[in-house]
Amino acid sequence: MNKNGSLLAQLAVHDLSVYMRRYQKMNVLAIDSSNLVMGVAVTEEQKVLSELITNNKKNHSERLMPALAQMVQAAGLKPSELDRIVVAEGPGSYTGLRIGITIAKTMAWTLKKELVGVSSLEVVAQNGRGFEGYVAPFFDARRGQVFAGLYEQKDGKMVPTVPDRLVLMENWLAELAKRDRPVLFLSNDFDKWGEKLSSEAFAVLGDSTQNLPRPAELARIGATKNRFLMCIIFAGLPSLSRS
Numbered sequence: 001m002n003k004n005g006s007l008l009a010q011l012a013v014h015d016l017s018v019y020m021r022r023y024q025k026m027n028v029l030a031i032d033s034s035n036l037v038m039g040v041a042v043t044e045e046q047k048v049l050s051e052l053i054t055n056n057k058k059n060h061s062e063r064l065m066p067a068l069a070q071m072v073q074a075a076g077l078k079p080s081e082l083d084r085i086v087v088a089e090g091p092g093s094y095t096g097l098r099i100g101i102t103i104a105k106t107m108a109w110t111l112k113k114e115l116v117g118v119s120s121l122e123v124v125a126q127n128g129r130g131f132e133g134y135v136a137p138f139f140d141a142r143r144g145q146v147f148a149g150l151y152e153q154k155d156g157k158m159v160p161t162v163p164d165r166l167v168l169m170e171n172w173l174a175e176l177a178k179r180d181r182p183v184l185f186l187s188n189d190f191d192k193w194g195e196k197l198s199s200e201a202f203a204v205l206g207d208s209t210q211n212l213p214r215p216a217e218l219a220r221i222g223a224t225k226n227r228f229l230m231c232i233i234f235a236g237l238p239s240l241s242r243s
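Read in order, the letters of the sequence shown are residues 1 to 243 in the UniProt record's numbering.
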């Protein structure tokens, strides 16, 4: 290798080490208003600095901005000290998605921070870590349909087995029945689907502590996404949304 090539290699190693040290100390703000549950969290590395979760029908548009300000302040940070903003990008409610993504985009643009989107189903799937089988988070989508995903744990991480989808629950259950392992269903919509799922021999229903998305998990996933751009601009809302 010539001297120029050696110098470039040394610079690359130096830049990578600086880059890795930075992301080990990354302050992340996570925003989830994609469904009934609203969540905000601030994390540093694997440490949760502040977290807020609500599970009621109050208006996200009125409550999200005060919650963001409260959680950033509770974390002992200024907005300028955030490194990345992570937003749940659906599937979910059209209105909820619009509110969360718009606020996240505006903050990222104004503060010149990185913006990363994460599947709302992937966030719920994290609650199934340790289950020996498949994990199937879902959200009711009305008319007998659900927004559904299927995940399994590999090397300590929850990875998708199939892409997230909008599907008739009847068809989804028929597909899952062909699998060779039990399926853990996680959802905040068991009031509608719990009885149906309980009748399936392969189905295991998550308990109340497993069914709500945690914004701290959203932050953790988003911190590891390999989309290191100053600001990701969403061309539009995710296709998996309900009005």
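For every residue, glycine included, the Cβ atom is placed at its ideal position computed from N, Cα and C.
Ignore the nearest five residues each way along the sequence and tell me which others in ALA30's own chain have a CB closer than 6 angstroms to its CB.
If the five residues before and after ALA30 are omitted, its C-beta is found closer than 6 angstroms to the C-beta atoms of ALA41, VAL86, PRO215, LEU218 and ALA219, all from its own chain and listed in chain order.
Near VAL146, what residues of its chain come up, given a Cβ to Cβ distance below 7 angstroms and the 5 sequence neighbours on each side ignored?
Excluding residues within five positions, the ones whose Cβ falls inside 7 angstroms are PHE138, PHE139, ASP140, VAL167, MET169 and TRP172.
Within the same chain, show all residues whose beta-carbon is closer than 8 angstroms to that of VAL72, passing over the 5 residues directly before and after it, in chain order.
Once the five neighbours on either side are set aside, the close Cβ partners of VAL72 are LEU29, VAL42, SER50, LYS78, PRO79 and LEU82.
Around the C-beta of LYS113, are 16 or more other C-beta atoms found within 10 angstroms, so that it is buried, or is it exposed?
That one is buried.
Reduced DSSP category for ASP191 - H, G, I as helix; E, B as strand; rest coil
Judged by DSSP in its simplified three-state form, ASP191 adopts helix.
Measure the C-alpha to C-alpha separation of ASN127 and VAL135 and round it to an integer number of angstroms.
Taking the straight line joining both Cα atoms gives about 9 angstroms.
Reduced DSSP category for SER119 - H, G, I as helix; E, B as strand; rest coil
Coil at SER119, not helix or strand.
Excluding the 5 residues flanking MET38 on each side, which residues of the same chain have their C-beta closer than 6 angstroms to its C-beta?
Shown here for MET38: same chain residues with a beta carbon closer than 6 angstroms to its own, the five before and five after excluded, namely THR54 and HIS60 in chain order.
Which two residues bound the contiguous alpha helix (DSSP H) that contains GLU170?
Bounds of the alpha helix (DSSP H) holding GLU170 are 169–176.
Using the rule of at least 16 other Cβ atoms within 10 Å of the residue's Cβ for burial, across every protein chain shown, is ASP32 buried or exposed?
When all chains shown are included, ASP32 counts as buried.
Quick one: give me the first and last residue of the alpha helix (DSSP H) that TYR113 is part of.
According to the sequence as given, residue 113 is Lys; it is not Tyr. Counting along the chain, no alpha helix (DSSP H) covers LYS113, and no H or E run does either.
Just mark ALA223 as buried or exposed, buried being the case when its beta carbon has 16 or more other beta carbons within 10 Å.
So ALA223 counts as buried.
Looking at C-beta atoms only, is the number of pairs between the region 201–211 and the region 178–192 that lie closer than 8 angstroms three or more?
In the pairwise beta carbon analysis, the region 201–211 is classified as touching the region 178–192: at least three pairs are separated by under 8 angstroms.
Could you name the residues of the same chain whose beta carbon sits closer than 8 angstroms to that of residue 247, not counting the 5 residues immediately before and after it, in chain order?
Nothing can be reported for residue 247: it is not among the residues displayed for the chain, which extend from 1 to 243.
Based on DSSP bridge pairs, tell me the residues matched to LEU184.
Paired residue(s): VAL135 and VAL204.
CA nearest to the CA of LEU36, picked from GLY156, LEU115 and GLY96
Minimum Cα distance to LEU36 is reached at GLY96.
So, using beta-carbon positions, are SER119 and GLY144 closer together than 9 angstroms?
No, the pair does not count as a contact, with Cβ atoms beyond the cut-off.
How is GLU45 classed by DSSP in three states: helix, strand or coil?
GLU45: coil per DSSP, three-state reduction.
Proximal residues to ALA203 (C-beta, below 7 angstroms), its chain only, five neighbours per side dropped
Excluding residues within five positions, the ones whose Cβ falls inside 7 angstroms are VAL183, PHE185 and LEU197.
Taking just the CA atoms, how far does LYS47 sit from GLU89?
Using only the alpha carbons, I get a separation of about 23 angstroms.
Measure the CB-CB distance between TYR94 and ALA125 and report whether it falls below 9 angstroms.
For TYR94 and ALA125, no; Cβs fall outside 9 angstroms.
In whole angstroms, give me the CA-to-CA distance for GLU122 and LYS154.
Spanning the alpha carbons of GLU122 and LYS154 requires a straight line of approximately 14 angstroms.
Provide the residue(s) that pair with ARG129 in DSSP beta bridges, ordered along the chain.
Among the bridge pairs identified by DSSP, ARG129 is matched with none.
On a CA-only basis, which of GLY117, ASN188 and VAL159 is nearest LYS57? Give me that one, please.
Of the candidates GLY117, ASN188 and VAL159, the residue whose Cα lies closest to the Cα of LYS57 is ASN188.
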